Every structure is written in structure tokens, then in C-alpha cells.
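There are 2 protein chains.
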Amino acid sequence: MKTYLECIPCFVRQTNEILRNTIDNDKDRWEIMQQVLRDLADYDFCISPPEAATRIHRLIRKKTGLEDPYREAKRRSNEIALQLYPELKTRIKTSLDPWETALRLAIAGNIIDLGIKNEVNLSDIERSIEDALRQPLTDGNAAKMKADVEAAGNILYIGDNAGEIVFDRLFIEEMPTEKVTFVVRGYPAINDALMEDAEAVGLTDIVNVIDNGSDAPGTLLADCSSEFLRAFKNADLIIAKGQGNYETLSDVPKPIYFLFRVKCHVIAYDAGIEVGKIAVIKRGEGKYV
Amino acid sequence: MKTYLECIPCFVRQTNEILRNTIDNDKDRWEIMQQVLRDLADYDFCISPPEAATRIHRLIRKKTGLEDPYREAKRRSNEIALQLYPELKTRIKTSLDPWETALRLAIAGNIIDLGIKNEVNLSDIERSIEDALRQPLTDGNAAKMKADVEAAGNILYIGDNAGEIVFDRLFIEEMPTEKVTFVVRGYPAINDALMEDAEAVGLTDIVNVIDNGSDAPGTLLADCSSEFLRAFKNADLIIAKGQGNYETLSDVPKPIYFLFRVKCHVIAYDAGIEVGKIAVIKRGEGKYV
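Put into C-alpha cells, the structure is as follows:
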């Protein structure tokens, strides 16, 4: 997906939030903000939004010397989500359609996106859960995805945010886990999950987990490690969580299920789904596959 | 008031909205956006937010050739507000305290601010009216202002937005109108009222109306005409509507009543009043006067 004009205010808002959260004096904040504005003015916006965001975040990391400004926020998100785990597990097991319930919960967890909102608390997550369980889904989409998962020899599940990966774990536990490889980012990217988060929520105990070698808040193939690219190439089916993965992979000719909450108007326009809705989009069918 | 770091995302958001509303092709939109980003990166942010906004709007006007991109929106706002006029007039006349009711309505009208929100419709205005009539005001503030207005030999009432000036008219009709000079902007500035708006809502029939000679969405004294500066200097009391006038005049040593709705966190922080509240702030008392 290309970067839209509407992404620019969002980059600048994000920059401001990170600077507020990580730097304690106005002089440095202004200096970095002005550098980000200068860089944004020079970008070629055929690139995808996560590519521009990656450059901004690299600049902020370099200027602040902070390797992982969201580490503490990620730890808290994992903790909150893990507290919900037992109750959600029961909810899946006792539901009429455990697969669809788990799928919906995996999307509900995508609310924990600190690139969009500065803070996500327990009540935001609980609201997202109830909402995701009630929203209509395109008829047959959940069942079609289940059949595709069963038919695939191996599945690459590309995660998104910390905290959210507890919801991914619940969904993956409804799959033949031996076929699933879970992917985290290689280096800090906003509050996206890293290997330490996968370990913290027990994902490493149930599936193979690899990192993609990149610090982008999405999957920029050109920036990923060869290990990841091999796994990507060999996957029969890919499940990609969150807007960042949609923005970077929506034009890639592989069979990919994109699962996310539509959180901004740009994605809503691009994907043809309203803001606030839950999205299960299959791409890469037909001539591409 | 100085420009805060938080103002930068807001400038960029405003730029995007104007470009969407006035230019029909992405190439030109991107080119102007990138120029605005470059300019923002070079500004000295000791200047007030309306000063930065003025520069952005001038650039957009120059690049697009559109002298007054908000003219039609302003016309609509005047029309909607004029439809409400008879009902609001009755409400003032039949209320226990017509002065305070009219003061509250004048602040309610400040919701019609297209620098903050892309569109304001009738139901937004009606909500703002009911809310402004119910909110608590600092005890005695309305009565104190009434006494100051009665005591002043001449009053300069600096207006803000089109549509809103119908609410200002209702308030001014509760004052000794022969003492009041109403001020509009000299040239287009977002949806701020111009002379043609003052004429359209009948303000020119009841008070002397002058323009300030400037195209800033606020009152940048350095940019105003000598006629306005004379009136400003000679005024015993100034009433300044809206955030833009607060941002540009809050540090000026003159007795000024600032009346506005708090619509952003930066103003809330600077004025010490929560977002959503109605503000009646007197400045320039004590050592300054």
C-alpha cells in the first residue's frame, strides 16, 4: 500500500507522542521534530507508510539513544492480556464455534496498537473483545480460513503487537500447532512484539518462533533477514496480523489472510472496510497464486 | 502564547484538510504538503500558533490561487446561525439573567471553528448551546464582566468565526451598542469572519465594524493596520473571541476578556481550563493596566 497524504499528519502526531514519552526537554524535542519534518518533506511517497515510519523511528532512536522506548508499555500489555487469558480460553472452549471465536478474539487483540493511540488500557481491550465477538463477518470467511489452514502444509503467522500476541496464542491453539511458525519483529518498532514478548506470553512453548530481522512496524520484505524470507517463500499460507502488515504486504502475490481492526481512514479507504470494523481479508488468490 | 510541540501535528492535519477540500489532484497536494513541512521545519517556534498558521495559509493561497477557500463554508455557517437567531433571542429575553445567557451563547457559538474540525453542522451547534448554558462559570465572572462593560467608555469586540458572529450579535445587543466597535479580519483566514460576514448577519446595522487589516487567524498586532492599532490602543476594554485571539493576545498588557470554548489540549494547558469547558478569562489586570 502506498503512503496517502493523510498518513503525514499521523506520522507527525506519532512523532510528537514518542518525543513526549521519551525526551524530557523541549529543546531536543523540537530539534528532532524539525528533523523529522525535513525528512518527511524529502521522502518519495511511493513507499508504504511503515517504511516512512521506520525511517522516523530510526532517527528518533539515533537522536535519543533509546533503543526500545516502548519496552515498559509492551511489558504491561503482555501482563494485562495474560490476565485475560484463562477467561478467554474458557470462552473459546465453551462457544458454539471455537475456531470463529478464537479468530474474532485474535482480531480483538489488535486494538493494542500504540502507533494509533498513545495508551491502551484494560477497558479498551474489554470493549474491543465484546465488539469483535458481536460484529458481523463476511459469511463463510471464518470457515474458509479454517479449511485453508487445515489444507496448508505449513503456515507462517506474522504477529503484530505485544499484548496482542496473547490473543494470537489463543487462536494458534485452535490450529495444528506443528504446522505453524510465528514471526516477531527483529528489532524494536513501536510496541510491536519481539522475541522476548513471544517468550513472555508462552508462544515459544507451543510453536516455532522466528524473528524477521527488521525494525519496521510491518513486513518490509527488502529489509528482512534471509531466514525470514526463506520461511516466507516456503509458506503455503500466511496469516498477517495488524494494519502494518497489511500496509506492507497487501500487494505481495502470496496467499495471505490479513486480520486486523480497521483503525484509520486511510486503511478503511484502501481495504474498503469502515473504521472500527474487524477485517478478515484474503489476498493473493486467483492469478497471483 | 508560544507554539507548543503539540501544535505541529495540528498544523499538518489542518494543511491536509485544506488540501483535500481545495485541490483536486494528488501531485499538487503532495507538493504543497512537502513545502509546508519544509517551512515548519525552519520556523522559530517562539512565534504564536496563529503566526505559523498564517504563513501556512499564505503559502497554500499562493500555490492554489484560491483567495478564500472557506467562503462557501462561511456563508453556510452564517445562514445556519441566522436561522437560530429568533429562538435564541427569545431565550435571552425570557431568561432570568439575559446578560449571562447572552454571554454563554456567545461562547457556545465559538464551536463553529473550522481550524479545529473540518465541518460543523446544526446539531454540533445545538449541542454546544445546551452545553454552554448548563456548564458552571466561575462565580461572579459574568456579573464582573457586565460591570466592566458598563464602566468602559469604549469597547473593542474582536470577533472570530463566521456563523459565530450571529451569537456575538446577540451578546452585543445586551450591551450599550454605541460604545462597541466590532472587529473582523482584514483578509481570509480559515473561516474567520470578514466584513462581508458582518454585513450578512446585520452586525454592521447595530455597531461600528472595522477590519484589522490582517489575514491571521488571530490578532497579530505586528500585522494589523494602523486604524485597528489606534482602536486597540484607545479601547478601555477589549473582548476577544476564540482561541486564535487568546493565542495572540494572552500576553498583551491590556484589559481583555477572552471568551472561548477550550477545543485543544495545548490551550487547555496554557489557560488552565479543561478541554470542552467554556472560558471567560480576564487578563491585563493588576500591574499591567
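Going down the list, the protein sequences come from chains A and B.
Position in the first sequence (first residue = 1) + 5 = the numbering used here.
Position in the second sequence (first residue = 1) + 5 = the numbering used here.
A virtual CB, placed ideally from N, CA and C, is assigned to each residue, including glycine.
Quick caveat: nothing in here was measured; it's all calculated off a predicted structure.
- Taken through DSSP and simplified to helix, strand or coil, VAL125/B comes out as coil.
- Between LEU242/A and VAL154/A a beta carbon distance of about 7 Å is seen, short of the 8 Å cut, so the two are scored as contacting.
- Straight-line spacing of the CA atoms in SER82/B and ARG190/A works out to 50 Å.
- Judged by beta-carbon spacing, ASN21/A lies beyond the 9 Å limit of GLU279/B, meaning their Cβ atoms are not closer than that value.
- Rounded to whole angstroms, ASP136/A and VAL285/A show a C-alpha spacing of 15 Å.
- For ALA113/A and TRP104/A, the gap between their C-alpha atoms comes out near 14 Å.
- Under the three-state reduction of DSSP, THR106/B is assigned to helix.
- With a threshold of 9 Å between beta carbons, PRO14/A makes contact with chain B.
- For LEU93/A, DSSP records no beta bridge to any residue.
- Put simply, the CB of ASN21/B is near chain A, with a gap under 9 Å to one of its CB atoms.
- Only exposed fits ALA156/B, as fewer than 16 other CB atoms lie within 10 angstroms of its CB.
- Its Cα nearest to that of PRO54/A, the residue VAL17/A stands out among VAL17/A, ASP29/A, THR27/A.
- Of all residues in the segment 30-64 of chain A, those with a C-beta nearer than 8 Å to a C-beta of chain B are ASP31, ARG34, TRP35, MET38, GLN39, GLN40, LEU42, ARG43, LEU45, ALA46, ASP47, PHE50, reading in chain order.
- Between ALA198/A and GLY164/A, the CB-CB gap stays under 9 Å.
- Using beta-carbon distances, LEU24/A counts as an interface residue toward chain B, with a partner under 9 Å.
- In this structure, the CA atom of GLY158/A is about 29 Å from the CA atom of ASP220/A.
- Between the C-alpha atoms of ASP29/B and MET38/B there is a straight-line separation of about 14 Å.
- Under the three-state reduction of DSSP output, LYS184/B falls in the helix class.
- Judged by DSSP in its simplified three-state form, ARG288/B adopts strand.
- Within the segment 162-238 of chain A, the complete alpha helix (DSSP H) runs of at least 4 residues fall at 169-177, 200-205, 208-211.
- Here LYS151/A has TRP104 as same chain residues with Cβ atoms under 7 Å from its own Cβ, once five neighbours each way along the sequence are excluded.
- If you compare the alpha carbons of ASP44/A, THR182/A, PRO193/A with that of GLU72/A, the shortest gap goes to PRO193/A.
- Between LYS79/A and ASN250/A, the gap from beta carbon to beta carbon reaches 9 Å or more.
- Rounded to whole angstroms, the separation of the alpha carbons of ARG76/B and CYS51/A is 34 Å.
- The beta carbon of ASP144/B is closer than 8 Å to none in its chain, skipping five residues each way along the sequence.
- One thing to note: LEU24/B has its Cβ no nearer than 9 Å to the Cβ of GLN40/B.
- Restricting attention to LEU45/A, LEU142/A, ILE170/A, the CA atom closest to the CA of ILE211/A is found in ILE170/A.
- Leaving aside the five residues that flank GLY168/A on each side, the residues in its chain whose CB is nearer than 6 Å to its CB run, in chain order, SER82, ASN83, ALA86, ILE117.
- Annotated as proximal: ILE215/B and ALA236/B, with beta-carbon spacing under 9 Å.
- Annotated as proximal: ASN217/A and VAL188/A, with beta-carbon spacing under 9 Å.
- Taking C-beta atoms under 8 Å as the contact rule, LEU175/A and ILE97/A qualify, at a distance of about 6 Å.
- Following the DSSP letters along the chain, one finds ALA245/A in no alpha helix (DSSP H) but inside the beta strand (DSSP E) bounded by residues 242-246.
- Chain A places a beta carbon closer than 9 Å to that of GLU11/B, counting this residue as a contact.
- Under the 9 Å criterion on CB atoms, VAL17/B is classed as interfacial with respect to chain A.
- With fewer than 16 other Cβ atoms inside 10 Å of its own Cβ, GLY277/B counts as exposed.
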